[in-house]
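First to last, the sequence lines map onto chains E and F.
In this text, residue positions in the first sequence follow this note's numbering: the first is 414, and each later residue adds one.
In this text, residue positions in the second sequence follow this note's numbering: the first is 19, and each later residue adds one.
Backbone N, C-alpha and C fix where the C-beta goes; we use that ideal spot for every residue, glycine too.
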Amino acid sequence: MLALICNFSIISFAENNKVKFGKIEQRDLEMKVYDQDTSASAVILYEKGNSAIRYVQGEGWKLYFTKHQRIKILKKEGVEYADFKIGLNASQSSKEEVNGLKAITFNLEDGKIIKDELNRKDVHLEEVNKFHNMQSFSLPNVKVGSVIDVEYTIDCKSFFRNMRPWRFQHSIPTVYSEYEVLVPEYFRFRQFTLGFERFTLAEETKVPDKVTLTSKMRSGGNSMSATQTQFNTDVITFNSANYHYIAENMPEFKEEAYTSTVDNFIQQVQFELQYVQFPGDKLYTYSQSWESINKDLAEDDEFGEIIFGPVKLLEEETQSLVAGAGSNKEKVGILLTHVRDNYKFNGFYNIYSKGLRNVIKDKNGNVADINFLLAGYLRAAGFEVKPVVLSTRSNGAFVFPTVTGFNYVVLLCEVDGEKLLLDAANKSSGINELPYQCLNSQGLVVGGAAPEWVELMELGRSDANYVAILNVNTDGKLSGSLKIGRKGYSAQSFRDKVDGFNSVEKYIEDFSEKKQDWEITTHELEGVNALDERVLETIELSVTNKSIFAGDKIYVSPIIFNALDENPFKLMERKYPVDFGFVFKESEMTVFNVPEGYVVEEVPESLRASLPENKALFLFSAQKIGDRQIHLTATLSINKPVLMAEDYGNLKELFNMIIEKQNQQIVLKKI
Amino acid sequence: MKLKHLFLSAILLFVVTGISAKDIFYPVSEIADNLLTEANSVTRTSETILEIFSKTKIRYTCKEVITVINENGEGEGILYIPYDSNSEIDITVANFYNKDGELIKKVKKSDVYDQSSFDGFSLYTDGRFKRITPQISTYPYTVEYEFSIDLKGAIDFLDWMPCDSYNKSVEYASYKILDYEAEGVRVKPNKFAHTVENGDLVDGIKTYLWEMKNMEAIEHEPLSVSMANFVPRVVVAPSSFEFYGTSGSMTSWKDFGDWVYGLIADKNNLPEERVQFLKSLTKEADDTAEKVKRVYQFMQEKTRYVSVQLGIGGFQPFPAQKVDEVGYGDCKALTNYMKSMLESIGIDSYYTLVKAGSNAGNIDADFPSQGFNHVILTVPLNSDTIFLECTNHFSPFGFLGSFTSDRNALLVEKNKSRLIRTSDYGINDNTWKLKASIELNEEGNAVVNDTVELKGLQYEYIEKDLLKTHEDLIEDAYKTSEITGAKYKRIEFDNRPDRIPLATRFRLLDIDRLASKMGDRMFIPVNSLNRHSSVPQKSKNRKYPFKTQLFYHDMDSVTFLIPDVYDVEYLPEPVKIETEFGVYKSEMKYDQNLVTYLRSDIKNKGIFPPEKYAEYVQFVKQIVDADNQKMILRKK
């Protein structure tokens, strides 16, 4: 049996090597449903990509990318897979071009294969902006049952640094996906693979290659003699690295809630140019190792030369800004606030800066511009500062040393022996509170003798604490006071929310308009503008709808303020880790005062539910204190920013238990 | 050498005058207090001049000075001008000033961002835009733009509504139209617009002018009717026009329809094989409706929707023959294709322009102008009329849905084009009928069997589900489930795609711990299958009318079978709320171990005056409260 399976896979492998554009199998046209996934609206039967750097006489080394893709349309919703958009790189001097585009739709009509070819007139080229063009086309006559075959080559000119990555997995299933990359020894790329599926083949081999250079030499051509042309031919031999990947039977990629980014999980291979060196020429390095990235960035004129460069122009201003400050930490806070409030972050993530003078002139800039300026102020005040480069959550993980993997830069500042992480680009980030986007794996500290790392995931904490004293009234309301304290990310997102309003008063007004069950008499906020402190809300209110009067009984819900509407974890199982981004703790503590004439008949039982190693913990207790009071405490702690897929079942059950506790009631009885 | 020197000093001189004190430009201190209240931005001046030299030479000259008060007003400081091959843009001034009115930046022409209006949706479009985004972090600041737009023809002119967004006040705004052709333009100001000149002859030129001064910022109110209902507005349209080499008139719906007819008139040819095919396809059909249906279903199967915005400014479809050849097209091409196919078997139908969208504004019947964005097909039959949406390949035959139903539309017929009304649905067409049994065990777990019929516009909620496999339905049910602890066993549909479509959904699910147990008691939510959960935001001192858009009738009937060892301790009281917004009733009864829950929820659509808003919020809140009640069981 085993042998049979092996045979089968070898056959399929060999067959796929023979797939030629335009030659399709009758059985593909006859296919009605994809057996491995009967719900698929379309399936990629075959795709093969090829990137190669070749020498072209008269033009030099060039990169070419060829792609052949064959798709079977199984349902009407799947016809959209016959619409293509090819993104192309462009620069001022050069732009990528699509050559030899061929596309055919095959249909089976009355047992006959009907071919419809794409007409050149239906191909559009659009200049999106200075850096991107878009070639788009739709295949003709596509319907349920069609097989479409598309092949094209992109002349990538010398955009070597944009070597195309390859995804083996898509939003529809893929039967066979292959990518081959040929790189002459003069170019060095680093490749890395990501994904939760597996490759059938992943190998790197060396293949001998050669180029033939032809040169012309002309002589003569004056009045005395005829022109003579002499042709010279040189053959240069070298090795090329051939990277070869095959993945088969890839399931469709499905997104799940609480993941950082799709890019971290989809089966794929990416390439990064490390260096270029021709015989007898100098080495052009792009990146190589964490050591070289550290060194290269430190010396880069758009990075190290700015952040470690002269700060004389800031000195005078810095001195006057920090003049009144008591502690060193206070000075850091003043400078952080100064940059944050006076320089506009333009929304672009980048690790390279246009230089301090330009930032000061424009009063705006990208992440690097804003943070390098802050570094300037800090250094002018005498602090030691280093940049920390990182990859944001939506940018995905980096697996190999690669400078292009980083898209964000923050600062590490050492103050009185304490290491502080700073980001002036994000308005609501205090000291050691990086924006949520930055909580992804580790950050590289640049500028030391050797590369160092800071853990970003352990940095984040979020606390929200509800404390209330409530009287259970005989008019069906609960009235009293509530204090909500927030720290860390809970405070940061609260500040962001308040910041969306033109004033705190507007926020409070909107809040009371939204809270239908709360009648608010007073509502005060503290610490909204002091970034490093707790935000405290103090509210006097009465709450409707949390108690039921029935005959001689009053039923009161135990969790009044911070109840979950529903379990956020709905799927039966999951493949990828649950990524909260930070650890957090939410608690509610309420003292219920029992009204005159009533006694406590029953309270919900205490509960302690946890995941192994206390990765997640829920504590609940409702205690009768004499006849007049009930003390309620409920606390949920998530103690790991990322929980593995194996923990998913338990985590979901834990949340079910929370919901169940919320639904139980305190029972009061009339005497 | 000398020349260079001279040039340099000229620049120096310019810079010096550029920042001299007398050039203080619109300082913030000059804004009146009442215009700062609730304002995120203040339009200091907005002067637009439209010059109609001829049908093929039209120019807008615009001057905008806007003070951005805070971050929320940032969008108002951005200049965004879309253009295409019919128009030419010249931005002559783009300056930024600080709050004191001192120049902080002049934007160079090369800094203007230019991009194709790639919308992520159209396969291809020839539209582009220019954009200037000030990146200034110290508020307030002021932007100044001057630009002109030259057009080689226009089918529509810019309407005037200077106060077009919330939290924006206006110091001064004007719109001037100089009509050199004397009959080139038609205008319709609303009752709030202040007219200064109304087509008077000034130096032999027909001149219009509207002005607005010191208008305070308006705050957004929940469920508000569109702003166009309560701020100054002037609608402007051409009388006759030339557009991409075609010419037409807009003075009546008939005239505009004639122009559209001209664009499609010769696009109806089909290959002879197709005509023969259609004839045999419809040969045995009983009546015309059945023939239309067969052709429609063929069209749905054969074609697909691809948006390609090209040809006469995006108004001309590509020919029926082309659609037949490639099997795709946009709304115009697909509708024209369907029309051509019907024509080939002797059935008349009409290309019909609509303004699509469930929240699209109204087309003013009394003022013909180009406000349409979509095309459908009207097929008159003996007894009634069928409307066909040709871009949705799953749509039931003759069903328009909330996208295009109940609105004015321009029916295009040779020499007889006219405004018509698309089909409407009544409250009894939009129903939800749920019957469920919930069997509870002593652990509080439940086995639920429910059947729901969704009709009319409510059919749209599950329209996409009809295409899914059982496996996907189950998976999606988990993803979107609002019922904690639900385990979906079976989800099936019975589909009756009709002009008022109806689908029945059958489900079997277990709900773990539907009842929360505590000691001898169980707490059970009375409504877990069709629960209202959100109440619109309150709005103190409401100023403007609000609208309720959804209209339907939901009927729920649920039977709970409770475990023998339990008795009912508490059942919520019956609820009955009757208002002009709708009628809600719920009622619970029990007989031994059977508890029944009956619920009826009728919602009306309408526009209501502001003073009724609090009553409306209260109405919805009472429903949410009633839906979220619990019954309590206790061990015998």
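**OP:** Give a yes or no on whether the minimum CB-CB distance between N52 of chain F and chain E is below 8 angstroms.
**Re:** In the second sequence, residue 52 of chain F corresponds to position 34, counting from 1. For N52 of chain F, no CB of chain E lies under 8 angstroms from its own CB, so it is not counted at the interface with that chain.
Original post:
Just how far apart, CA to CA, sit G513 of chain E and S571 of chain E?
Top reply: On the first sequence, position 100 is the one that residue 513 of chain E refers to. On the first sequence, position 158 is the one that residue 571 of chain E refers to. G513 of chain E and S571 of chain E: Cα-Cα distance of roughly 19 angstroms.
Original post:
Cβ of L501 of chain E less than 8 angstroms from any chain F Cβ?
Top reply: Stepping through the first sequence from its first residue, residue 501 of chain E is reached at position 88. No - not a single Cβ of chain F is within 8 angstroms of the one on L501 of chain E.
Subject >> Residue burial classification, G524 of chain E (beta-carbon count within 10 angstroms, cutoff 16) >> reply: As a working mapping, residue 524 of chain E is identified with position 111 in the first sequence. The residue in question, G524 of chain E, is exposed, as its Cβ has fewer than 16 Cβ neighbours within 10 Å.
Original post:
Whose Cβ in chain E lies nearer than 9 angstroms to the Cβ of E319 of chain F?
Top reply: Numbered from its first residue, the second sequence carries residue 319 of chain F at position 301. Close partners of E319 of chain F in chain E (Cβ separation under 9 angstroms): K489, K556, V557.
Subject >> Per DSSP, the bridge partner or partners of I486 of chain E >> reply: Sequence index remark: in the first sequence, residue 486 of chain E carries index 73 (1-based). Answer is E:A455.
Original post:
How many whole angstroms separate the CB atoms of N622 of chain F and E596 of chain F, which I take to be in contact at a CB cut-off of 8 angstroms?
Top reply: The sequence position of residue 622 of chain F within the second sequence is 604, counting from 1. The sequence position of residue 596 of chain F within the second sequence is 578, counting from 1. Contact between N622 of chain F and E596 of chain F is ruled out by a C-beta separation of about 11 angstroms, above the 8 angstroms threshold.
**OP:** With a cut-off of 8 angstroms on the beta carbons, I'd call A235 of chain F and A495 of chain F a contact; round off their distance for me.
**Re:** Within the second sequence, numbered from 1, the residue matching residue 235 of chain F stands at position 217. Within the second sequence, numbered from 1, the residue matching residue 495 of chain F stands at position 477. Between A495 of chain F and A235 of chain F the Cβ distance is about 45 angstroms, and since that is not below 8 angstroms, they are no contact.
Subject >> Chain-ordered chain F contacts of A963 of chain E [CB-CB under 8 angstroms] >> reply: Along the first sequence, one-based indexing puts residue 963 of chain E at 550. Simply E587, Y588, I650.
**OP:** Return the chain-ordered list of same chain residues with a C-beta closer than 8 angstroms to the C-beta of V1012 of chain E, the five sequence neighbours on each side being excluded.
**Re:** One-based indexing of the first sequence puts residue 1012 of chain E at position 599. So the qualifying residues of the chain are D1040, L1081, K1082, I1084.
Original post:
Which residue's Cα is closest to the Cα of C408 of chain F: F:L399, F:V341, F:D382, F:F385?
Top reply: Walking along the second sequence from the start, residue 408 of chain F turns up at place 390. Cα-wise, what sits closest to C408 of chain F is F:V341.
Original post:
What are the uninterrupted segments assigned as alpha helix (DSSP H) that are 4 or more residues long and contained completely in the stretch 666-720 of chain E, given in chain order?
Top reply: For the stretch 666-720 of chain E, the full-length alpha helix (DSSP H) segments reaching 4 residues or more read 703-712, 717-720 along the chain.
**OP:** Please check if any C-beta of chain F sits within less than 8 angstroms of the C-beta of L984 of chain E.
**Re:** In the first sequence, counting from the first residue as 1, residue 984 of chain E sits at position 571. Interface residue, yes.
Original post:
Which partner residues of C569 of chain E appear in the DSSP bridge assignment?
Top reply: Against the first sequence, residue 569 of chain E aligns to sequence position 156. DSSP links C569 of chain E through a beta bridge to no other residue.
**OP:** Please check if any C-beta of chain F sits within less than 8 angstroms of the C-beta of E979 of chain E.
**Re:** Residue numbering aside, residue 979 of chain E sits at position 566 when the first sequence is read from its first letter. At least one chain F Cβ lies under 8 angstroms of E979 of chain E.
Original post:
Using a beta-carbon distance below 8 angstroms, is E1073 of chain E in contact with chain F?
Top reply: Within the first sequence, residue 1073 of chain E is the residue found at index 660, counting from 1. Yes, its Cβ sits closer than 8 angstroms to a Cβ of chain F.
Original post:
Taking the C-alpha atoms as reference points, what is the distance between N401 of chain E and G893 of chain E?
Top reply: Residue 401 of chain E lies beyond the stretch modelled for chain E, which goes from 414 to 1084, so this question has no answer here.
Original post:
Looking at C-alpha atoms only, which residue of F:L579, F:K473, F:L406 is the closest neighbour of N463 of chain F?
Top reply: For the purposes of this step, residue 463 of chain F is identified with residue 445 of the second sequence, where counting begins at 1. Just measuring C-alpha positions, the residue of F:L579, F:K473, F:L406 sitting nearest N463 of chain F is F:L579.
Subject >> Chain-ordered residues of the stretch 444-458 of chain E with a beta carbon less than 7 angstroms from chain F >> reply: In summary, the residues of the stretch 444-458 of chain E whose CB is separated from some CB of chain F by less than 7 angstroms are T451, S452, in the order they occur in the chain.
**OP:** Enumerate in chain order the residues of its own chain whose CB-to-CB distance from R508 of chain F is below 6 angstroms, with the five nearest sequence positions on each side excluded.
**Re:** Here residue 508 of chain F corresponds to residue number 490 of the second sequence, with the count starting at 1. Here R508 of chain F has L526 as same chain residues with Cβ atoms under 6 angstroms from its own Cβ, once five neighbours each way along the sequence are excluded.
**OP:** Identify each residue in the stretch 342-364 of chain F for which the Cβ-Cβ distance to at least one residue of chain E is less than 8 angstroms, and report them in chain order.
**Re:** Residues passing the 8 angstroms Cβ filter: E343, V344, G345, Y346.
Subject >> Proximal residues, the stretch 145-166 of chain F versus chain E, C-beta separation under 7 angstroms >> reply: Within the stretch 145-166 of chain F, the residues whose Cβ lies closer than 7 angstroms to some Cβ of chain E are Q153, I154, S155, T156, listed in chain order.
**OP:** Kindly say whether E438 of chain E, judged by its beta-carbon, lies nearer than 8 angstroms to any beta-carbon of chain F.
**Re:** Translated into positions along the first sequence, residue 438 of chain E becomes position 25. Using beta-carbon distances, E438 of chain E does not count as an interface residue toward chain F, since no partner is under 8 angstroms.
**OP:** Leaving aside the five residues before and after D118 of chain F along the sequence, list all residues of the same chain whose C-beta is less than 6 angstroms from its C-beta, in chain order.
**Re:** Along the second sequence, one-based indexing puts residue 118 of chain F at 100. Closer than 6 angstroms at the Cβ level, and outside the excluded window around D118 of chain F, lie P45.
Original post:
Between the stretch 539-568 of chain F and chain E, which residues of the former have CB atoms less than 8 angstroms from a CB of the latter, in chain order?
Top reply: The stretch 539-568 of chain F vs chain E, Cβ under 8 angstroms: R539, F541, P543, S551, V553, Q555, K556, S557, K558.
Original post:
For Y368 of chain F, which beta-bridge partners are listed by DSSP?
Top reply: The count along the second sequence starts at 1 and reaches residue 368 of chain F at position 350. DSSP, once it has assigned bridges, lists F:T396 as partnering Y368 of chain F.
**OP:** Taking only beta-carbon positions, decide if N410 of chain F is within less than 8 angstroms of chain E.
**Re:** Numbered from its first residue, the second sequence carries residue 410 of chain F at position 392. Taking Cβ atoms only, chain E never reaches closer than 8 angstroms to N410 of chain F, which makes this a no.
Subject >> N- and C-terminal bounds of the beta strand (DSSP E) containing F962 of chain E >> reply: Position 549 of the first sequence holds residue 962 of chain E. For F962 of chain E, the enclosing beta strand (DSSP E) starts and ends at 960-963.
**OP:** Could you check the C-alpha separation between W271 of chain F and L487 of chain E for me, to the nearest Å?
**Re:** Mapped onto the second sequence, residue 271 of chain F falls at position 253. Mapped onto the first sequence, residue 487 of chain E falls at position 74. Answer to the nearest angstrom: the Cα atoms are 44 angstroms apart.
Subject >> Contact list for Q929 of chain E against chain F, beta-carbon separation under 7 angstroms >> reply: In the first sequence, residue 929 of chain E corresponds to position 516, counting from 1. Counting only Cβ-Cβ distances below 7 angstroms, Q929 of chain E has contacts in chain F at V553, K639, in chain order.
Subject >> Any beta strand (DSSP E) of 3 or more consecutive residues that is wholly inside the stretch 533-599 of chain E >> reply: Entirely contained in the stretch 533-599 of chain E, the beta strand (DSSP E) runs reaching 3 residues are, in chain order, 537-540, 545-551, 560-568, 587-597.
Subject >> Residue from F:I394, F:D384, F:G171 whose Cα sits closest to the Cα of G375 of chain F >> reply: As a first step, residue 375 of chain F is located in the second sequence; it is residue number 357 there, counting from the start. The residue with the shortest Cα to Cα distance from G375 of chain F is F:I394.
Subject >> Interface flag, K40 of chain F vs chain E, CB-CB below 8 angstroms >> reply: Translated into positions along the second sequence, residue 40 of chain F becomes position 22. At K40 of chain F, the pLDDT of 49 sits below 50, so the modelled position is not reliable; the number obtained from the coordinates is stated separately. So no, K40 of chain F is outside the interface.
Subject >> Three-state class that DSSP yields for H550 of chain F in the structure shown >> reply: Looking up residue 550 of chain F in the second sequence gives position 532. Coil at H550 of chain F, not helix or strand.
Original post:
If we ignore side chains and look at the alpha-carbon of each, how far apart do K40 of chain F and E48 of chain F end up?
Top reply: Counting from one through the second sequence, the residue named residue 40 of chain F turns up at place 22. Counting from one through the second sequence, the residue named residue 48 of chain F turns up at place 30. Model confidence at K40 of chain F stands at a pLDDT of 49, short of 50, so the residue's coordinates are unreliable; what they give is reported in the following sentence. Spanning the two alpha carbons is a distance of roughly 15 angstroms.
Subject >> Three-way DSSP call (helix, strand, coil) for I87 of chain F in this model >> reply: As a position in the second sequence, residue 87 of chain F is number 69, starting the count at 1. Three-state DSSP puts I87 of chain F in coil, outside helix and strand.
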